[in-house]
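**Student:**
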Amino acid sequence: ARDNVQTAGSSTVLPYATIVAEAFGENFDFPTPVVESGGSGAGRKKLCEGVGENTIDIANSSSRIKQSDIDLCAENGVTEIMEVRIGYDGIVFASDIDGADFAFTPADWFNALAKDIVVDGEVKANDNATWADVNADLPAQEILAFVPGTKHGTREVFDEKVILAGCEESGAMEVFAEQNGGDEDKAEEMCTALRTDGVSVDIDGDYTETLARIDANKNAIGVFGLSFYENNMDKLKVATMSGVTPSTESIASGEYPVSRPLFFYVKNAHLDVIPGLQEYIEFFVSDDIAGPNGPLASYGLVSDPELAATQEMVANRTPMGPLE
Amino acid sequence: MSIGLLLLIVVGLGVIGYILGRRRALASVAGDPRKLHSLPSQYGQSVFLFTVVPALLLLIVWLLAAPSVIDGQVRGTVTTDGVSQSEIDLKMADVGRISDGLGALMAANDMSEDDLTALTPGDSDLRGQLAAVGVAVGADVEPAVFEAAKHKRSLTNSAGLIRTVLILLVALAGLAYAMTRIRPDFRARNVSEAVVKALLLGSSLIAILTTVGIVLSLIFETMHFFRLYPAKDFFLSLTWNPQFRGGSDLGVWPLIWGTLYVSFIALLVAVPIGLLAAIYLAEYATKRVRSVAKPLIEILAGIPTIVYGLFALITVGPMLRDYFAQPLGLGNSSSSVMTAGLVMGIMLIPFVSSLSDDIINSVPQSMRDGSYGLGATKSESIKQVILPAALPGVVGAVLLAASRAIGETMIVVLGAGAAAKLSMNPFEAMTTVTVKIVSQLTGDTEFASPETLVAFALGLTLFVFTLGLNVLALYIVRKYREQYE
Amino acid sequence: MTDATAHNAPAAAPARPKSLLTQDARTKRRNAAEKRFRTYGAVAICLAIAALVMLLTSVLGNGASSFFQTYAKIEVTLDPEVLDPKGNRDPAEMSKITTIGYGNLMKQAFPASLQAAGVSTEGVPEKEIGDMLSKEAPAQLRNRVLNNPDLLGETISFWALANGRIDGYLKDRVTMTSAERDGNVSPEQLQLADRMMEADLLEKRFNWDFITFPDASELRPEAAGLGVAIIGSAYMMLIVLFLALPIGVAASIYLEEFAPQNRLTDLIEVNISNLAAVPSIVFGILGLAVFINYAGLPASAPIVGGLVLTLMTLPTIIISTRAALKAVPPSIRDAALGVGASKMQSVFHHVLPLAMPGILTGTILGLAQALGETAPLLLIGMVAFVRDYPSWPVDGLFEPASALPVQVYNFTTRGDPAFVERASGAIIVLLVFLLCMNLLAIYLRRKFERRW
Amino acid sequence: MYDTKRVESIVGQDDIKISARKVQVYYGDKHAIKDVDVDILDKTVTAFIGPSGCGKSTFLRCINRMNDTIPIARIEGQIKLDGEDIYDKRVDPVQLRARVGMVFQKPNPFPKSIYDNVAYGARIHGLARNKAELDEIIEKSLRGAALWNEVKDRLNEPGTGLSGGQQQRLCIARAVATSPEVLLMDEPCSALDPIATGQVEELIDQLRQEFSVVIVTHSMQQAARVSQKTAFFHLGNLVEYGDTDDIFTKPRDTRTEAYISGRIG
Amino acid sequence: MYDTKRVESIVGQDDIKISARKVQVYYGDKHAIKDVDVDILDKTVTAFIGPSGCGKSTFLRCINRMNDTIPIARIEGQIKLDGEDIYDKRVDPVQLRARVGMVFQKPNPFPKSIYDNVAYGARIHGLARNKAELDEIIEKSLRGAALWNEVKDRLNEPGTGLSGGQQQRLCIARAVATSPEVLLMDEPCSALDPIATGQVEELIDQLRQEFSVVIVTHSMQQAARVSQKTAFFHLGNLVEYGDTDDIFTKPRDTRTEAYISGRIG
Ligand SMILES: Nc1ncnc2c1ncn2[C@@H]1O[C@H](COP(=O)(O)OP(=O)(O)OP(=O)(O)O)[C@@H](O)[C@H]1O
Ligand SMILES: Nc1ncnc2c1ncn2[C@@H]1O[C@H](COP(=O)(O)OP(=O)(O)OP(=O)(O)O)[C@@H](O)[C@H]1O
Ligand SMILES: [Mg+2]
Ligand SMILES: [Mg+2]
Ligand SMILES: O=P([O-])([O-])[O-]
């Protein structure tokens, strides 16, 4: 029988999960949990493959589980799943350390990257070449943005909290909706359609790739996770969003708008079966680890204000209810 | 008896058979091997094969068939009317786990068979006990399931015993039968060669099995995908633009185009350089240069592709952009088909060079002599005599390189970017089918969405596409093959 | 035979120079072409080798430093009050004190031990001094104490791993200017490091741990090693070698020498070349479906990785083996058949040895590919963070392990810049591994090479 | 075309080692052997003569089924060895070739040592019980092929490093070492000097005491010297077959006569 | 060993096409050619005779530097073509070989069509200005080698699908098509029937009108028929060299006599 905990899933959660796994392995008599990466979706799929020792115990996820995943789980006999929120991940905008300073609003991003924008109430194809064209307060630097590719959960947050928000903020949403006869979905789709003329570059790789690309294109702006930025502050200069500088504090307080919760999902049927599983998840959400002064926070995770509730839920093994 | 031990015994019997067979063959002709049809060792071989092969085949068949036979027996006991097939499947999975668990439980707790029969799901915390020995059960154990599990366990146990006895019997019978067949005129060589030939055939069928496996593991999810996303759009749409909230455009053509374009440029780099390098190594280089340069170049094939990717991203991409794309007015993207193609070409050089070098080297010297004797220069001989003679092997090498090019991900991701585009401009960012298979499969989208499932459809499409290319290549090689001697 | 002999006059002799030492225009042209061709060949080799040198220098340049690691000397008093509050020296009890406890102990001890050695810690807050040590250091100390509880109460002097940034400072990755911008290290810390170096309390040493340690989390790049990955790769390569080579050669022999020329053979042939073009991740899909879900083998285990890589490597070996078999002249086969050898004997005794160089080349290329591949491992759970060493085979084949390319990939995706050198270091190890693996093949290939 | 009845009248049925009836060979479309009937006797040397390209080698290769290895070759008709059809489904060509050895027209030594070249056949047929016996076979075969003196000091050097004539003799030695019942020799002396030729002819004569030998040769003199029976091929046809003496002194077919007297080729 | 002075007395210096002095050839340790001095005349057929393995092919290959391609072969001494040392550093072996053509002992047709085999040399030396000229050269060469009738309908079939003797003639045609000044022929008729041999000999005789031909043969008769000069090799030594008539009628060396009369080999 398997005697180590196996987890899989999000590459965003991966660094935190490894930090915890390492500390767990070193302080407990259990073997160190195995943490696979491979993406949130793939991790949840693996979780839902069934019950038994050749299926994983925990799926890490940078987005909430989907109904289709829950259905798949149920189909395979995985009926009780525990949803554990471990904290928040801030998403920041940064450029080369020696470049200009930027203070963005979501509307700037929308007007810089959207395929169609609204100028004087008219819908027209976006031809802004520099950030100054978008907003006279921004430097007259060519627009070149490295945004996460559509495989990344981060892209969903970027679309929603930056582009869509910018779309609404700038009033373009209304015009789009009007143009589509009030169809909000169509309007949203128009909002999130990005330029394809090479100004907005999708990155399918990791933040290290974005960093390397910024190194090769000094005038570019990239999208990063807060923890990545904090580890590379000597190379990157962070931009403010709506006047707020991203930090664990500003994100925890909700001031900084672009962030998302991180989760892991536990297969309850494996609790008590896989040695160390219960201990591991309790250790993960303990104050020592996930608290505001724990190693996760020092690595850049925004600690969850409702951690106590999570700890209690984990102790009681409360499975998640239906998605609201 | 464990399978490993069983195997060991069977092979041991085989070895004994070999020795006995060899001895008996020699004895049958009073020690004069010339009177035998085959070599004495071949008689030994035949006994070995007769002992081992049928027993192993039986073992394989048994291992494949026994679980489903037992399953079928047990299934009857948990089947009740009105229960759906999938629910029964689930129950059967539980039965399997519990019956395995009972074994572990007995071993861990020193239980006897009687204790086990006495055990009922009601009277103790069975789930907890099973958990303690590392067996996960989804819910509390139902009595029917528990009975079925016990039934299964006893079936499995007796099946194991039967298996051991049966296989040893077959091995012994094979041994005895083969021994009786040993006579001076017994065609031992033919028999053992027939068996070896069957093994060779079997090996070549692994390729077919792999293909079947690949197609099967792709086809169901592909069908699932086409239920969610119209096939017409997949095959006919010219845009690739997946979205999170649905409404994605998943046209395959930009990806196929990117694949072809990148591979083409990569081959444009790898084939001439690789072929010329092979020619130089085989025909011009001194033995020393060759023995150093060839393994050195082969290192190129072993460098992890991520190194190439970073090389493309950091060095080649910006260089091409600054010195070619921008001055020529072909855009200012630092990731481009050209970048990825060039760098990938470097990686592929050894695939072309090493194999071609071996093949060129094995063209008989008399061909070279014939050409030199007519006053041809080395290069003329190479171009007009040696290369045509080596053509099939060279084509094989190029095909191998092309295959790697099509299957490569990391270099494309970092060198060519992630944007799917239909463009002729080699300095534009594009992407390939393979890259998108990886990224869609490992992405954050939910599994049952078209955005993820498209990976399977892409895999299958690429498979069919390359199959076409390979048929074409086979046809060309057949047409131009020249056989020396 | 009635060829009219009247026509037999040879073709008119072409105008040729009378001297061998002078060349006519055509010969000059041809010789120039010859030279050009030869130069192309040499240039091709040079290009390939130049590319190799470029890649290797960048890898070596970035990665050589990962074989050295910075250690700081620290004197710690192992306070029994803290480390064994119950005082019964029972390891089980003592293990309740976590690395956090040990960490605190070290953090307190470190400034004191610096001052005791005469190094001024002025201007550096206590917490920052403690941060100069690796987060791995408490674990090292804890293991040491748990292994030898008698140390309790003593003051031990101890070379502890230094933090990645301090290590970076000694390797010129971190500078005073970058430290000013960096939130993770301060110029004052670096100055303190300078003073420690002067006092011989900080030094760079050869880093065996890089080869033997398991992977570490992002918080401690300085402790990340390749031990588990090397074992995992070795196990997988063993499986690949022992399965792919014989099966590949056997399949090639069948197809090239025995298969009747018919549709089925064509089908198999096309099939194999097509398998070579199947992206490696698809083999991962196959492996997941067949070996894990159907056959029930464990995920993240070298056995599954080895099997998947075997299937992936087979086409490479088959294609090169077939090409090599094809290149053996038929007269050799005839000669063997003519003295009454069977087809099988002619192949195994004569053709196969002559095809050996090509087979070995295929093996070299195939193993290189198998050793460097990550994508298929992603789907079978080997792209993972694994800290525990798998045991010896056969059991070890079924336990979780990592692999070298996976480790390279993991290192490159991590945020801390200290992982950059480790990624390159891992590549160096991978290449050395590859070279060791191929050495025998390269030697054998040279031995079997002959012309006829 | 000579008629079959005559063949039978020449020889008693008992002595027939190989009998061919209505043999046709096609290379793709090319009809290389046309309707050949011939009986080859035991303990006899039979010479095949005829102009280059007339099908001698082709027919020779039919007798031990070496034509099986040429994909485009197609054989019809019947060839019997000791009364058994060699193209029967049940016949194992390997066994056939062990009994019917062959020396090819182009010398084709293995890229192995001289020793291993000769030892190969003896090894795979298990003709020697030990090293001493094997050494003996090798020496005897090389002596028989008049090569021993030249190579006895270099048995471990590769067979491919020999001169053309030496290679040819090596191939003869290799074939002789397997002790076949019938030995097919395709121009075995073409690269040999008269003395070596004489020695090989002597070998052939010795072999004839026990076995049957078929030899292809372009030298009428050689045919006359070594053979008892001669077959004359022309453009794929077996034009005439009979006692060597008869063929050379009183050929019955005008083509034979023309060839022997040097008028057609 | 015969002495060099005599050689010079036989022939006027002007007629000397090739002159060899103190030529030694080693294959590794083996001393295959020992101290050979010989002058080969222009417009003359010279025959090399001698027992198999005595070094005839080896010496022949020295003359157009084909031995360069054997890694273990080492040559010492001097060979001059028209007074120029062919082993001089400045000499381009390619140009040399265009002037000194060679037919190898073992037929080695290219894996190409019969047409391309013959056209090969003419093409690389640019002997034909157009297709018609090339066709003409090919027909002429094939006729010369007595192969035209047999292959004229199958010029596009591979040369490797020919019979042994046909391949040999193909190689002769291939060499003749490049019009060399000196043609080295290593046993060119070994696989040919008498008629074809006669035709090839006729070709040789024609070639002699303008060029120099060296032929290796095991047939004393052939040497006597076609050559004006004969050189007898034995165990790597050039034992005797002189007018063919003299050599065959009044050999001066006992070894020559022994060989000719069939006593040594
Ligand atoms: N490549 C080689 N390596 C080693 N020895 C060789 C090589 N070629 C020839 N020899 C040896 O050199 C000697 C002379 O060989 P050469 O081929 O010149 O003989 P030859 O006179 O042409 O004989 P033949 O009439 O049999 O062709 C022989 O003893 C032969 O074994
Ligand atoms: N592999 C082949 N493919 C096609 N045609 C062939 C092949 N082998 C031989 N032939 C043709 O068949 C005919 C007979 O060839 P064969 O080799 O039997 O002649 P041969 O009598 O041995 O001549 P030689 O004395 O020249 O060796 C020839 O016309 C030849 O061109
Ligand atoms: Mg022939
Ligand atoms: Mg010779
Ligand atoms: O790997 P992610 O699912 O977090 O993008």
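Residue numbers (our numbering), protein chains in the order written: chain A, 61 to 384; chain B, 6 to 490; chain C, 644 to 1095; chain D, 536 to 800; chain E, 536 to 800. From the three backbone atoms N, C-alpha and C, an ideal C-beta is built for every residue, glycine too.
#1: Would you call the segment 276-289 of chain A and the segment 144-156 of chain A in contact, with 3 or more CB pairs under 8 Å?
#2: Can you tell me where the beta strand (DSSP E) holding M233(A) begins and where it ends?
#3: Taking only heavy atoms of ligand 6 into account, decide whether any of them is closer than 8 Å to the Cβ of S71(A).
#4: Of the residues that make up the segment 384-413 of chain B, which ones have a beta carbon closer than 8 Å to any beta carbon in chain E?
#5: Using the C-alpha atoms, what's the distance from T185(B) back to V34(B)?
#6: Whose C-beta lies closer than 6 Å to the C-beta of L997(C) among residues of the same chain, with five residues either side of it excluded?
#7: How far does the alpha helix (DSSP H) with W683(D) in it extend, from its first residue to its last?
#8: With a floor of 4 residues, list each alpha helix (DSSP H) that falls wholly inside the segment 836-895 of chain C, ordered by position along the chain.
#9: Going by Cα to Cα distance, which pick from D570(D), S587(D) and D620(D) is closest to S802(E)?
#10: Under a Cβ-count criterion, where at least 16 other Cβ atoms within 10 Å of its own Cβ denotes burial, should L241(B) be classed as buried or exposed?
#11: Using 8 Å as the cut-off, classify the Cβ of E685(D) as near or not near the heavy atoms of ligand 4, replying yes or no.
#12: Note down, in chain order, every chain B residue with its Cβ under 9 Å from the Cβ of T713(E).
#13: Measuring only from the beta carbon, is Q559(D) closer than 8 Å to any heavy atom that is part of ligand 2?
#14: Three or more C-beta pairs closer than 8 Å, one from the segment 101-121 of chain A and one from the segment 931-947 of chain C: is that the case here?
#15: Leaving aside the five residues before and after P379(A) along the sequence, list all residues of the same chain whose C-beta is less than 7 Å from its C-beta, in chain order.
#16: Once you ignore the five residues that flank S923(C) on each side, which residues in its own chain have a CB closer than 6 Å to its CB?
#17: Could you give the residue range of the beta strand (DSSP E) that holds H229(B)?
#18: In this structure, does DSSP put D721(E) in helix, strand or coil?
#19: Less than 9 Å separating the beta-carbons of A633(E) and L379(B)?
#20: Beta carbons nearer than 8 Å to chain D: which residues of the segment 980-1003 of chain C have them?
#21: In this structure, how does DSSP classify K383(B) when only helix, strand and coil are distinguished?
#22: State buried or exposed for Y313(B), treating a residue as buried only when at least 16 other CB atoms are found within 10 Å of its CB.
#23: Listing by chain order, which chain E residues have their CB less than 7 Å from the CB of D374(B)?
#24: Alpha helix (DSSP H) containing P208(A): first to last residue?
#25: Any chance the CB of Q702(D) is under 8 Å from a heavy atom of ligand 3?
#26: Please check if any C-beta of chain D sits within less than 9 Å of the C-beta of A967(C).
#27: Name the chain C residues that come within less than 7 Å of E198(B), Cβ to Cβ?
#28: Taking the CB atoms as reference points, tell me whether V626(E) and C597(E) lie closer together than 9 Å.
#29: With 9 Å set as the bound, which would you pick, yes or no: does the beta-carbon of I854(C) sit closer than that to a beta-carbon of chain A?
#30: S361(B) versus chain E: which residues are under 8 Å apart at the beta carbon?
**Tutor:** In terms of the structure at hand:
#1: Yes, they touch.
#2: Run containing M233(A): none in the beta strand (DSSP E); it sits in the alpha helix (DSSP H), A232 to Q239.
#3: Ligand 6 is absent from the structure shown, which contains only ligand 1, ligand 2, ligand 3, ligand 4 and ligand 5.
#4: Taking 8 Å as the Cβ-Cβ cut-off against chain E, the residues of the segment 384-413 of chain B that qualify are E385, Q389, V390, P393 and A394.
#5: Spanning the two alpha carbons is a distance of roughly 15 Å.
#6: For L997(C), where only same-chain residues beyond five positions count, the Cβ hits under 6 Å are V971.
#7: Its alpha helix (DSSP H) spans residues W683 to V686.
#8: For the segment 836-895 of chain C, whole alpha helix (DSSP H) runs of length 4 or above, ordered along the chain, are 852-855.
#9: There is no way to answer for residue 802(E), as the model of chain E reaches only from 536 to 800.
#10: When all chains shown are included, L241(B) counts as exposed.
#11: No, the beta carbon of E685(D) sits no closer than 8 Å to any heavy atom of ligand 4.
#12: Going along chain B in sequence order, the residues near T713(E) (Cβ under 9 Å) are L379 and G380.
#13: No, ligand 2 has no heavy atom inside 8 Å of this Cβ.
#14: Yes, since at least three Cβ pairs between the segment 101-121 of chain A and the segment 931-947 of chain C fall closer than 8 Å, the two stretches touch.
#15: Correct list, in chain order: E140, I141, M142 and N328.
#16: Exclusion of the five residues before and after S923(C) leaves M955, E1016, A1018 and P1019 as the residues of its chain whose Cβ lies within less than 6 Å of its Cβ.
#17: Careful: H229(B) lies outside any beta strand (DSSP E), inside the alpha helix (DSSP H) at A193 to L233.
#18: Three-state result, D721(E): strand.
#19: Yes.
#20: Under the 8 Å Cβ criterion, the segment 980-1003 of chain C contributes L980, G981, V982, G983, A984, S985, K986, Q988, H992, H993 and L997.
#21: The answer is helix: DSSP assigns K383(B) an H, G or I state.
#22: The C-beta of Y313(B) has 16 or more other C-beta atoms within 10 Å across all chains shown, which makes the residue buried.
#23: Neighbours of D374(B) on chain E, chain order: M601, T604, F639 and N643.
#24: No alpha helix (DSSP H) holds P208(A); the beta strand (DSSP E) holding it covers A205 to P208.
#25: No, since every heavy atom of ligand 3 falls outside the 8 Å radius drawn around the Cβ of Q702(D).
#26: For A967(C), the answer is no, since every Cβ of chain D falls outside 9 Å of its Cβ.
#27: Chain C residues near E198(B): S985 and M987.
#28: Between V626(E) and C597(E), the C-beta gap is not smaller than 9 Å, which leaves the two residues out of contact.
#29: No, no contact with chain A.
#30: Counting only Cβ-Cβ distances below 8 Å, S361(B) has no contacts in chain E at all, with the closest Cβ about 17 Å away.
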